[in-house]
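Notes follow once the structure below has been shown.
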Amino acid sequence: MEEAFVIDHRSALPLHLQVEEILRKLIEQPEYQNGKLLPNEVHIAQRLGISRNTVRQATNKLVYEQLLVRKKGVGTKVAKNNIATKLNKWTSFTHEMDEKGVSFKNYAIKVSKVLPDKEIRQLFNIAEGVKVVKLERLRGLEKGPIVYFISYFHPRTELTEDEDYTKPLYEKLEQEHHIAVAISKEGISAILANKKLADKLNIAVGDPILFRKRVVCDPGDRPIEYNLGYYRADSFTYTIDIARD
1 MEEAFVIDHR SALPLHLQVE EILRKLIEQP EYQNGKLLPN EVHIAQRLGI
51 SRNTVRQATN KLVYEQLLVR KKGVGTKVAK NNIATKLNKW TSFTHEMDEK
101 GVSFKNYAIK VSKVLPDKEI RQLFNIAEGV KVVKLERLRG LEKGPIVYFI
151 SYFHPRTELT EDEDYTKPLY EKLEQEHHIA VAISKEGISA ILANKKLADK
201 LNIAVGDPIL FRKRVVCDPG DRPIEYNLGY YRADSFTYTI DIARD
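FYI, the numbering for the sequence shown is 1 to 245, going by full-length UniProt numbering.
Pasting the structure below:
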């Protein structure tokens, strides 16, 4: 750990968010970009004077963003061959398509209360046994479905199974639940369709799919949604505009 990387215990910013920013700066350094293992969680915790659980919470966030890869018995290192960027502007999928003049329809909407897996519990920092709302949406054009979304929502949103999920999601959260969305952290990769995805998107098993993993946070950088998006590769191109300073 660099000497300049310290924790401000008097700051109003939560400790795990401070650790997250330290890790983001650490993994930008050339030696870690070239494959050097990050210091282990115990070492980081000792150097910063915090608990190992706080370090683990921050590390889990970056693993979800696909910026880090953690292998049991080996260690944690910077992920390769993934796109990770903060977008200057983002909105709901519905509004994004409206701006492009594309008319989308919902082919299927399914809402349920589920017990999340360990990774989602750690991301949301909730106890085992707490259920969360799971929203599945199959959307597309008149010719058929071309995108499949799966979202898990933090209990603090107070979303239920009985709401109208045909409305733009983030507009709904803000207007009806007073939850402002401020940050979208995304990881993008290419995968091949398994049978379930092939059936939903009307493609063949093994066809390419654009897979996007998104963590949506409020202005306090607290996760409120964990979203998985599966896009037909023959229908979508993901573009990112980056301005040079």
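Heads up, the beta-carbon is just placed ideally off N, CA and C, and yes, glycines get one too.
{"Check": "To the nearest whole angstrom, what separates the beta carbons of VAL130 and VAL111, a pair I think is in contact under 8 Å?", "Outcome": "In fact, because the Cβ distance is near 17 Å, the residues do not count as touching under 8 Å."}
{"Check": "Spell out the partners DSSP gives SER103 in its beta bridges.", "Outcome": "Partner(s): none; SER103 has no beta bridge."}
{"Check": "Can you tell me where the beta strand (DSSP E) with PRO208 in it begins and where it stops?", "Outcome": "208-217"}
{"Check": "Any contact of the stretch 182-195 with the stretch 139-154, i.e. 3+ C-beta pairs under 8 Å?", "Outcome": "no"}
{"Check": "How many Å lie between LEU68 and ALA45 at the Cα?", "Outcome": "18 Å"}
{"Check": "Look up ILE150 in the DSSP assignment and say whether it is helix, strand or coil.", "Outcome": "strand"}
{"Check": "Please report the distance separating the alpha-carbon of LEU192 from that of LEU228.", "Outcome": "15 Å"}
{"Check": "For SER11, count the other beta carbons within 10 Å of its own beta carbon; 16 or more makes it buried, fewer makes it exposed. Which is it?", "Outcome": "exposed"}
{"Check": "For GLU41, name the three-state secondary structure that DSSP assigns.", "Outcome": "helix"}
{"Check": "Select from THR157, GLU21 and ALA233 the residue whose C-alpha is nearest the C-alpha of PRO208.", "Outcome": "ALA233"}
{"Check": "Give the DSSP-derived three-state secondary structure of GLY131 in the structure shown.", "Outcome": "The question names Gly, but residue 131 is Lys in the sequence shown. Three-state result, LYS131: coil."}
{"Check": "For GLU20, which residues from the same chain have a beta carbon less than 6 Å from its beta carbon, with the 5 sequence-adjacent residues on both sides left out?", "Outcome": "ALA58 and LYS61"}
{"Check": "Starting from THR76 and walking both ways along the alpha helix (DSSP H), at which residues does that stretch end?", "Outcome": "Taken as a continuous stretch (DSSP letters only), THR76 belongs to no alpha helix (DSSP H), being part of the beta strand (DSSP E) at 75-78."}
{"Check": "Whose CA, out of LYS71, PHE211, ARG52 and HIS9, lies closest to the CA of GLU41?", "Outcome": "ARG52"}
{"Check": "Using the C-alpha atoms, what's the distance from PRO219 back to ASP8?", "Outcome": "20 Å"}
{"Check": "For a test of the three-state rule: what should DSSP assign to GLU142, helix, strand or coil?", "Outcome": "coil"}
{"Check": "Using the Cβ count rule (16 or more neighbours within 10 Å means buried), how would you classify PRO116?", "Outcome": "buried"}
{"Check": "How about ILE109 and TYR170: are their beta carbons less than 8 Å apart?", "Outcome": "no"}
{"Check": "Residues in the same chain with beta-carbon distance under 6 Å from LEU17, minus the five sequence neighbours each way, listed in chain order, please.", "Outcome": "ASP221"}
{"Check": "Cα-Cα, which of GLN122, TYR230 and ALA182 is closest to LYS200?", "Outcome": "TYR230"}
{"Check": "Going by Cα to Cα distance, which pick from PRO145, GLU158 and ILE150 is closest to GLU136?", "Outcome": "ILE150"}
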